[in-house]
Amino acid sequence: MKDRQPTEKALERWATDALRQLPQRKAPASLAPRILAAVARAEARPWYMRPWSEWPDHFRWMTVLVVGALLAAALQALAGVHHAALPVLAQMDDQVASTIRPASVLVNAMEALGRGAVHAARGSLGGYGLAACAGLLALIWGSTIGFGATCWRLAGERNS
Amino acid sequence: MNDPAQFESFVLAYQDMVYTSAMRLLGNENEAQDVAQEVFLRAWSHWHELRDTNAAGGWLKTVARNLCLNHLQRHRARWTSFSSLAREDDDGELREPDFAAEDVMESELLTADQRRILDDAIAKLPRDQRAALVLYHFEDLDYADIAVQLKVSLGKVKTDIFRAREALRKKLQPTRREVGV
Chain A
1 MKDRQPTEKA
11 LERWATDALR
21 QLPQRKAPAS
31 LAPRILAAVA
41 RAEARPWYMR
51 PWSEWPDHFR
61 WMTVLVVGAL
71 LAAALQALAG
81 VHHAALPVLA
91 QMDDQVASTI
101 RPASVLVNAM
111 EALGRGAVHA
121 ARGSLGGYGL
131 AACAGLLALI
141 WGSTIGFGAT
151 CWRLAGERNS
Chain B
161 MNDPAQFESF
171 VLAYQDMVYT
181 SAMRLLGNEN
191 EAQDVAQEVF
201 LRAWSHWHEL
211 RDTNAAGGWL
221 KTVARNLCLN
231 HLQRHRARWT
241 SFSSLAREDD
251 DGELREPDFA
261 AEDVMESELL
271 TADQRRILDD
281 AIAKLPRDQR
291 AALVLYHFED
301 LDYADIAVQL
311 KVSLGKVKTD
321 IFRAREALRK
331 KLQPTRREVG
341 V
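The listed protein sequences correspond, in order, to chains A and B.
Quick note, the first sequence lines up with residues 1 to 160 if you use this note's numbering.
Quick note, the second sequence lines up with residues 161 to 341 if you use this note's numbering.
See the structure below:
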């Protein structure tokens, strides 16, 4: 019977020694130009096709504002739903109500946060200004996503 | 912001290393070139961090390895059907080697021809065997890490590496006899 362990060890030693002697492969001459062309194409991309971290500062700030506004609106809507549901909750069995009630603390806190954000913005811009701003930002945001996604898909199809 | 001329020098300096890493893991020139391109595109987007550091080589090697592993995982369903994964004895015990301990060659210097044969033989190994072998011998990962990276069992990693070494040894044997080793 062959002694397997020493054979495996010897084979590993041989492979280690042999593979260590392999030199680096030479990259094809076409690789560097291909990489540089791909970099040039990447640099020529419009801002909306780049990662968010590479967007121009004003667009990044705008997205932060839009996301904040959407979040505040969502919180307001959630609070509305919560208030609408309160009478129903009141009619529910005490046991069920006591189970759900802790969640209402969280909803109240979120509602307060949302109202605070909206009041702060309204204080500096005024009611109509705030609405116009939010509408404009939402429009830009929506068109950016739609246009950017379309371009991205088209570029992807072309590359593949 | 970025300096294209400086980046071109960077590409020329490191392209062989990145291409070699990708080629050894993937065993396919076109796929290796695709991965190498992606590695350098990522390097370009991190150029402000990489251009003044000595760790660029390590960064490129790590990114190349990760991209190759992602590529292998993505194509796994396809390549497993062609690999030895389907063999019944794959996921456990090693087969008895078909040569004796004394038959395994001692350390030696390989000729240029033997190195070429060995390089080609690596490229022709089944993907799972090649990936495990390359991660062990060229990327210095241990068996457990390789199992994690390739998402396979430890037993399979050991079996694949063993079979890959055996295949390489057999490829070199005729050459060894020819040159009288």
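We put the beta carbon where it would ideally sit given N, CA and C, even for glycine.
Quick caveat, the model's predicted, so the values are computed rather than measured.
- The Cβ neighbour count for Q91(A), taken over all protein chains shown within 10 Å, is under 16; the residue is labelled exposed.
- Taking the Cα positions, D194(B) is about 44 Å away from A72(A).
- Cβ contact annotation for V294(B) (same chain, cutoff 8 Å, sequence separation greater than five): R184, L185, I282, in chain order.
- In this structure, the CA atom of A40(A) is about 42 Å from the CA atom of G129(A).
- In the structure shown, the three-state DSSP call for N188(B) is coil.
- In the structure shown, the three-state DSSP call for S313(B) is coil.
- For R290(B) against L11(A), the beta-carbon gap comes to about 17 Å, at or over 8 Å, which does not count as contact.
- With a threshold of 8 Å between beta carbons, L31(A) makes contact with chain B.
- Only Q193, A196, Q197, F200, L201, W204 from the segment 192-214 of chain B bring a Cβ to less than 7 Å from some Cβ of chain A.
- Interface with chain A (8 Å Cβ-Cβ cutoff): Y179(B) is included.
- For A27(A), the secondary structure class from DSSP, reduced to helix, strand or coil, is coil.
- The alpha-carbon of R20(A) is positioned some 15 Å away from that of D280(B).
- With respect to chain A, the C-beta atom of D300(B) has no partner C-beta closer than 8 Å.
- In terms of Cβ geometry, V107(A) and A79(A) form a close pair [threshold 8 Å].
- Around the beta carbon of T319(B), 16 or more other beta carbons sit within 10 angstroms, so the residue counts as buried.
- Annotated three-state conformation of D163(B) is coil, per DSSP.
- With a cutoff of 8 Å on beta-carbon distance, I140(A) and M62(A) are scored as near each other.
- The beta carbon of Q289(B) sits no closer than 8 Å to any beta carbon of chain A.
- The alpha-carbon separation between G142(A) and C133(A) amounts to approximately 14 Å.
- At a C-beta separation below 8 Å, P23(A) has these neighbours in chain B: R275.
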